[in-house]
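J.: Once you've had a glance at the structure underneath, I'll fire off some questions.
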Amino acid sequence: MNLAFRLSTDAAALRAGPGGERVRAASLAVNPRISQWLRFHADGSVEARPGKVEIGQGIVTALAQIVAEELDVSLARIRMVPAGTDTSPDEAVTSGSLSIQESGAALRQASACARALFLDAAAAQLQAAPETLQISDGEIRAVSDSTSGGTSGSTSRTTSYWALAAGINLDVDADTAIKPKAPADYRIVGTAAPRRDLPEKVFGTPRLIHDLVLPGMLHGRVVRPSAPGAHLESIDSSAVQTLPGVVCIVRDGSFIGVVAATELQANRAAEQLAQLAQWRETRELPDAQHLPAWLRAQPVESKVVDQRADPAIVSATRTMQATYSRGFVAHASIGPSCALARWPADAASGALEVWTHSQGIFNLRTDLALAFARAPETVVVHHVEGSGCYGHNGADDVAYDAALLARAVPGRTVRLQWTRAQELAWSPVSPAMRVDLEAALDDAGNILAWKHDVTSNGHGTRPGRAKTPALLAATHLEKPFEALIAVNAPLAAGGGAERNAVPLYNFPAWTITNHRLLTMPLRTSAMRSLGAHCNVFALESFIDEIAHARGEDPLAFRLRQLSDPRAIAVVERAAQLCNWRDDARGEGHGRGIAFAKYKNTGAYCAVIAEVDVAREVRVKKLWIAVDVGLVINPDGVRNQIEGGAIQAASFTLKEAVAFDRSRITSDAWEHYPILKFSEVPEVDIDLISRPDQPAVGAGEAAHGPVAAAIGNAVFNAIGVRVRDMPLTPERIISAMA
Amino acid sequence: MVQFTLNGNPCHSGAGDNALLLDVLRGDLGLTGTRFGCGANQCGACHVLVDGASVPACDTPLWAVAGKQVVTVEGLGSAAAPHPVQAALIVYQAGQCGYCLSGIQISAAALLARNPNPTDAEVRSALDRHLCRCGSHNRIVKAVLAAAQHMPPKPTESGA
Ligand code: FES
Ligand code: FES
């Protein structure tokens, strides 16, 4: 997940204080030296080296803005160095909407400290007091007024970062007492700087891992088992061995793959291998038609994650209950996962090198070292951008696959790209969830107590955190590593299944319980917003149900029970955007509102959805008000919010991994449809700027509120509550029947 | 040996009549701007222009382009001389990971060449076979509509 997760038990590294402050120290505490973050060059450029990576979210642009701002240099001078385990600070995983908080805070502090060191050196050289120096695009100027100079006007003496660079030692710890710039003085932060990576992506210039060609590169393909948990009984691969271009076939237990001279030859060989392989299937998958019942029947570990006052309110006169759910959701990136790997020609010396689009290069290194029983220093992991990444997808798994294949050809690089079917059926999936809600009400329908029980697989099997590697093929080997059962991050770090289960409303009492499954027939892990998508859908739908039962406007009902002024502000703003009126609309046309503060520590987001419901739900428009604190790049925030909202609409309306009792069947786009151009709603976003508040991430803030706003709008349109996502035509029809 | 025109230049490929255009472009010819997404004509990532029509290169055998004009994203324009759609995608910051953009530009360029003034709905319908997982759809549509304003006038058709 992130550094907050790793350091949540390390009190020394975390300062007390509000959310933003708590994580502020994290990246810098682990990587204290300025030189780990910044290098200045005589050619007039500054290298910035974040350990967070570009996954399509625009983080590299925002971080460059922070560095340029603090150093007073133009954006064009900042060179962002792609992350590598041999060159970058260890910032764990790029996830949890924490990159601005963690990497941004560290780069800001490192830049402020570097700036102070340069000013001291310049002051000595120019014989001026540091506070009289001015910096403009890296040029440092001592301005003395005309009286001391004896001539009219002012005289100035100058030097620059570039001239001083060679003489400044940045191999020192960043001094956390040095104060960065005040937000009121920002000129680069807060502007809509264009994405640095976009032109190359538009012109098709090689940039992504899929485009990477290394000298003498070979191509691999793996053949996955016929079903999760299946064992390879036998395979006679001798005929494949002699196909044109085939270099070798690699088998280790139930892991089987091929290395060939070209990608096409590898594909052809793999197709034949797939036909020759005899599998024994061992695992029974759940009944996909009855997931809520299946979830409830599983063995679980239950934990009360939050409690307020005594849940036994005596004055309650009645209770309301409802159960909500969703299915498993796939990452479904447009580009299948891809990696390159090379073993040293001499096994005893040199490093295993891996090129990956993983979100966590250091964590991947840890697991590769575990899997191959090597010292971590002998594994080097380079980050290269991939297709859009929305969580723990197949990136780490394909890197391990590539390394397993490349081990057979030491000294040669092997490139491996998964097929579409492998991407959809073998990447980790986001867990199916069930949420049981109960509210105790007084005579007037006021909420006295609230119970939220979430039942789900854990939302985390990320690499680098367990005693055995969390890599797909590690469980397929002749001597397999134990398969991990997914867990949840502590609630202090945002939680997993229980993310956003704790209400932000002023209910007098509540009990929030998380039931984590101890079985895991489908491999689950973290995906954008984790449990928040379903928890907010449930919580915000149930609030609507209670408001409706009272006959109260759902907007007014919410506002009455919120006390955080930033929460109230986004809800009111969203209502203004669409001129909210509490009309019963009906006749197939409706509006719904929902709100959440992501992770209860991140961005505030309120959404109003407008839908038409005939046979299917058509989301026509989303109005979104959002508060991410200090805005580093307003266009970047809008892009992330809009993208997140459209993806959330897709999850909510269409998406569920399909499977029969043995295998995943949604392994092609035709069986895993996502929202299309003609189905995408108009999105209207209003950003509430809070320069005095810590900057928080935007990428996941809309997922929960969009889901619930759509659900509430459907109820408003047809008077029927659909409590199971996705809200497919079949579900709408059966709810109306 | 199949001969065709690739981004304005003559091109011969000995990959075999039935080789897929996408494999030839990305593999032998090293033009990696055209993306592999599904290999099954279901995502739109691999589209190229063949005689002005937007087609999936993953589902196009080499023999089908013999003697024809093939244009990939690399041939559509460049940083120095961008196609109006490319320029607009950058102005509108229309993309996140960008993986879908190569194919989308191709269909957008084909649309604008036959319909220089499309409506919002016409743009969406022309792009409907292209999947985007990052949710960049609306910005892309706005960019294509803006690009329409900057397209060179359509050459008058013969006899018109
Ligand atoms: S790769 Fe050709 S349509 Fe998907
Ligand atoms: S921008 Fe990522 S798939 Fe479209």
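One line per chain: the protein sequences are Y and R, in this order.
Mapping the first sequence onto the numbering used here, position 333 (from 1) lands on 337, and the numbers just tick up by one.
Mapping the second sequence onto the numbering used here, position 24 (from 1) lands on 93, and the numbers just tick up by one.
Glycine residues also receive a C-beta, built at the ideal position from the N, C-alpha and C atoms.
Source: prediction; values computed, not measured.
#1: Can you confirm whether Y:Phe655, when its beta carbon is compared against all beta carbons of chain R, has any partner nearer than 8 Å?
#2: Could you list the residues in the segment 309 to 338 of chain Y with a C-beta less than 7 Å from some C-beta on chain R, going in chain order?
#3: Give, in chain order, every residue of the segment 191 to 218 of chain R whose Cβ lies closer than 9 Å to some Cβ of chain Y.
#4: To which residues of the same chain is Y:Ala72 closer than 6 Å at the C-beta, ignoring the five residues directly before and after it?
#5: Looking at the C-beta of Y:Gln69, does it have a partner C-beta in chain R at a distance below 8 Å?
#6: Near ligand 2, which residues have their beta-carbon closer than 6 Å to a heavy atom?
#7: Identify the contact partners of Y:Asn643 in chain B, using a Cβ-Cβ distance below 8 Å as the criterion.
#8: Hey, would you say R:Ile159 sits closer than 8 Å to Y:Val64, going by beta carbons?
#9: What does R:Asp92 touch in chain Y if you count any residue whose Cβ is under 8 Å from its own?
#10: Which of helix, strand or coil does DSSP assign to Y:His294?
#11: When burial is assigned at 16 or more other CB atoms within 10 Å of the CB, is Y:Arg28 buried or exposed?
#12: Taking the beta carbon of Y:Arg727 as the centre, do at least 16 other beta carbons fall within 10 Å, making it buried, or is it exposed?
#13: When you compare only the Cα positions, how much space is there between R:Leu75 and R:Gly144?
#14: Is Y:His675 close to chain R, meaning its C-beta is less than 8 Å from at least one C-beta of that chain?
#15: Give the straight-line distance between the Cα atoms of Y:Arg26 and Y:Gly606, rounded to the nearest whole angstrom.
#16: Classify Y:Asn6 as helix, strand or coil using the three-state DSSP reduction.
#17: List the residues that DSSP assigns as beta-bridge partners of Y:Lys601.
#18: Would you mind reading off the limits of the alpha helix (DSSP H) that contains Y:Met740?
#19: In chain R, what lies closer than 7 Å to Y:Ile650 by C-beta?
#20: Taking R:Val139 as the reference, which of R:Phe73, R:Leu89, R:His152, R:Cys166 has the closest Cα?
#21: Could you name the residues that DSSP lists as bridge partners for R:Ala122?
#22: R:Gln138 by DSSP, collapsed to three states: which one?
#23: Following a CB-centred definition, is R:Asp128 positioned closer than 7 Å to any heavy atom of ligand 1?
#24: Does the distance from the C-beta atom of R:Ala217 to that of R:Tyr161 stay below 8 Å?
#25: Looking at the secondary structure, which residues open and close the alpha helix (DSSP H) in which Y:Ala343 lies?
#26: With respect to 7 Å, is the separation between the Cβ of Y:Gln325 and the closest non-hydrogen atom of ligand 1 below this value?
#27: Measuring CB atoms only, is the segment 499 to 507 of chain Y touching the segment 366 to 384 of chain Y, in the sense that at least three cross pairs come out at less than 8 Å?
#28: I believe Y:Val4 touches Y:Val632 by the beta-carbon criterion, under 8 Å. Please report the beta-carbon distance rounded to the nearest angstrom.
#29: Closer than 6 Å by C-beta to Y:Trp627: which residues in its own chain qualify, once you throw out the five before and the five after it? Chain order, please.
#30: In whole angstroms, what is the alpha-carbon distance linking R:Gly83 and R:Val93?
#31: Using a Cβ-Cβ distance under 8 Å, would Y:Lys658 count as near chain R?
#32: List the residues of chain Y whose Cβ lies closer than 9 Å to the Cβ of R:Thr188, in chain order.
#33: Determine which residues of the segment 376 to 400 of chain Y have a Cβ less than 7 Å from any Cβ of chain R, and write them out in chain order.
#34: Shortest alpha-carbon distance to Y:Arg112 belongs to which of Y:Lys56, Y:Lys183, Y:Leu174?
#35: Output, in chain order, the set of chain R residues within a Cβ distance shorter than 7 Å of Y:Lys205.
#36: Looking at ligand 1, does it come within less than 7 Å of R:Ala109, judged from the CB to the closest heavy atom?
T.: So, from the data block:
#1: In the first sequence, counting from the first residue as 1, residue 655 of chain Y sits at position 651. Judged by the 8 Å Cβ criterion, Y:Phe655 is not in contact with chain R.
#2: Those would be Ala336, Ser337, Ile338, in chain order.
#3: Answer set for the segment 191 to 218 of chain R: Val192, Arg193, Ser194, Ala195, Leu196, Asp197, Arg198, His199, Leu200, Cys201, Arg202, Cys203, Gly204, Ser205, His206, Asn207, Arg208, Ile209, Val210.
#4: What you label residue 72 of chain Y is simply residue 68 of the first sequence in a count that begins at 1. Only Leu79, Ile82, Ile192 meet the Cβ criterion.
#5: Residue 69 of chain Y sits at position 65 when you count from the first residue of the first sequence. No - not a single Cβ of chain R is within 8 Å of the one on Y:Gln69.
#6: With the criterion CB distance below 6 Å from any heavy atom of ligand 2, the matching residues run Y:Gly60, Y:Ile338, Y:Gly392, R:Gly164, R:Gln165, R:Cys166, R:Gly167, R:Tyr168, R:Cys169, R:Cys201, R:Arg202, R:Cys203, R:Ser205 along the chain.
#7: Going by chain labels, chain B is absent from the structure shown, which instead holds the protein chains Y and R.
#8: Along the second sequence, one-based indexing puts residue 159 of chain R at 90. Along the first sequence, one-based indexing puts residue 64 of chain Y at 60. Contact: no.
#9: The residue you call residue 92 of chain R lines up with position 23 of the second sequence. Taking the beta carbon of R:Asp92 as reference, the chain Y residues within 8 Å of it are Glu267, Leu268, listed in sequence order.
#10: If you number the first sequence from 1, residue 294 of chain Y lands on position 290. Look at Y:His294 here: in three-state DSSP terms it is helix.
#11: Taking the first residue of the first sequence as 1, we reach residue 28 of chain Y at position 24. Because the pLDDT at Y:Arg28 is just 44, under 50, the model does not fix this residue reliably, and the point stays unresolved.
#12: Translated into positions along the first sequence, residue 727 of chain Y becomes position 723. Its Cβ being crowded by 16 or more others within 10 Å, Y:Arg727 is buried.
#13: Within the second sequence, the letter at position 6 stands for residue 75 of chain R. Within the second sequence, the letter at position 75 stands for residue 144 of chain R. One Cα belongs to R:Leu75, the other to R:Gly144, and the distance between them is close to 8 Å.
#14: In the first sequence, residue 675 of chain Y corresponds to position 671, counting from 1. Chain R places no beta carbon closer than 8 Å to that of Y:His675, leaving this residue out of the contacts.
#15: For the purposes of this step, residue 26 of chain Y is taken as the residue at position 22 of the first sequence. For the purposes of this step, residue 606 of chain Y is taken as the residue at position 602 of the first sequence. With a pLDDT of 40 at Y:Arg26, under the threshold of 50, the modelled position of this residue cannot be trusted, and the question is left open.
#16: Here the question's residue 6 of chain Y lines up with position 2 in the first sequence. Because Y:Asn6 carries a pLDDT of 48, less than 50, the predicted location of this residue cannot be relied on, and the following value inherits that uncertainty. Three-state result, Y:Asn6: coil.
#17: By one-based count along the first sequence, residue 601 of chain Y stands at place 597. BP columns for Y:Lys601 point to Y:Tyr608.
#18: In the first sequence, counting from the first residue as 1, residue 740 of chain Y sits at position 736. Counting along the chain, the alpha helix (DSSP H) containing Y:Met740 begins and ends at 733 to 740.
#19: Position 646 of the first sequence, counted from the start, is the residue given in the question as residue 650 of chain Y. The contact set of Y:Ile650 on chain R, defined by CB atoms closer than 7 Å, consists of Gly204, His206 in chain order.
#20: Taking the second sequence and counting its residues from 1, the one referred to as residue 139 of chain R is at position 70. Measuring from the Cα of R:Val139, the nearest candidate turns out to be R:Phe73.
#21: One-based indexing of the second sequence puts residue 122 of chain R at position 53. Looking at the DSSP output, R:Ala122 shares a beta bridge with R:Val119.
#22: To locate residue 138 of chain R, count along the second sequence from 1; it is residue 69. In the three-state reduction of the DSSP assignment, R:Gln138 falls in the strand class, which pools E and B.
#23: Within the second sequence, residue 128 of chain R is the residue found at index 59, counting from 1. Relative to ligand 1, the nearest heavy atom lies less than 7 Å away from the CB of R:Asp128.
#24: In the second sequence, residue 217 of chain R corresponds to position 148, counting from 1. In the second sequence, residue 161 of chain R corresponds to position 92, counting from 1. Cβ atoms of R:Ala217 and R:Tyr161: not closer than 8 Å.
#25: Along the first sequence, read from residue 1 onward, the residue named residue 343 of chain Y stands at position 339. Taken as a continuous stretch (DSSP letters only), Y:Ala343 belongs to no alpha helix (DSSP H), being part of the beta strand (DSSP E) at 342 to 346.
#26: Along the first sequence, one-based indexing puts residue 325 of chain Y at 321. Flag unset: Cβ of Y:Gln325 not near ligand 1.
#27: No, the segment 499 to 507 of chain Y does not touch the segment 366 to 384 of chain Y.
#28: This structure cannot settle anything about residue 4 of chain Y, because the visible part of chain Y is limited to 5 through 741.
#29: One-based indexing of the first sequence puts residue 627 of chain Y at position 623. These residues qualify, in order along the chain: Ala578, Leu581, Cys582, Ile612, Asp688.
#30: By 1-based counting over the second sequence, the position of residue 83 of chain R is 14. By 1-based counting over the second sequence, the position of residue 93 of chain R is 24. Spanning the alpha carbons of R:Gly83 and R:Val93 requires a straight line of approximately 9 Å.
#31: Translated into the one-based positions of the first sequence, residue 658 of chain Y becomes position 654. At least 8 Å separates the CB of Y:Lys658 from every CB of chain R.
#32: In the second sequence, counting from the first residue as 1, residue 188 of chain R sits at position 119. Here the premise fails: no neighbours, minimum Cβ distance about 12 Å.
#33: Residues passing the 7 Å Cβ filter: Ser391, Gly392.
#34: Walking along the first sequence from the start, residue 112 of chain Y turns up at place 108. Per the Cα distances, Y:Lys183.
#35: Locating residue 205 of chain Y in the first sequence gives position 201, where the first residue counts as 1. Proximity of chain R to Y:Lys205 at the Cβ level (cut-off 7 Å) is accounted for by Gly164, Gly167, Leu170, in chain order.
#36: By one-based count along the second sequence, residue 109 of chain R stands at place 40. Set against 7 Å, the gap from the CB of R:Ala109 to the closest heavy atom of ligand 1 is smaller.
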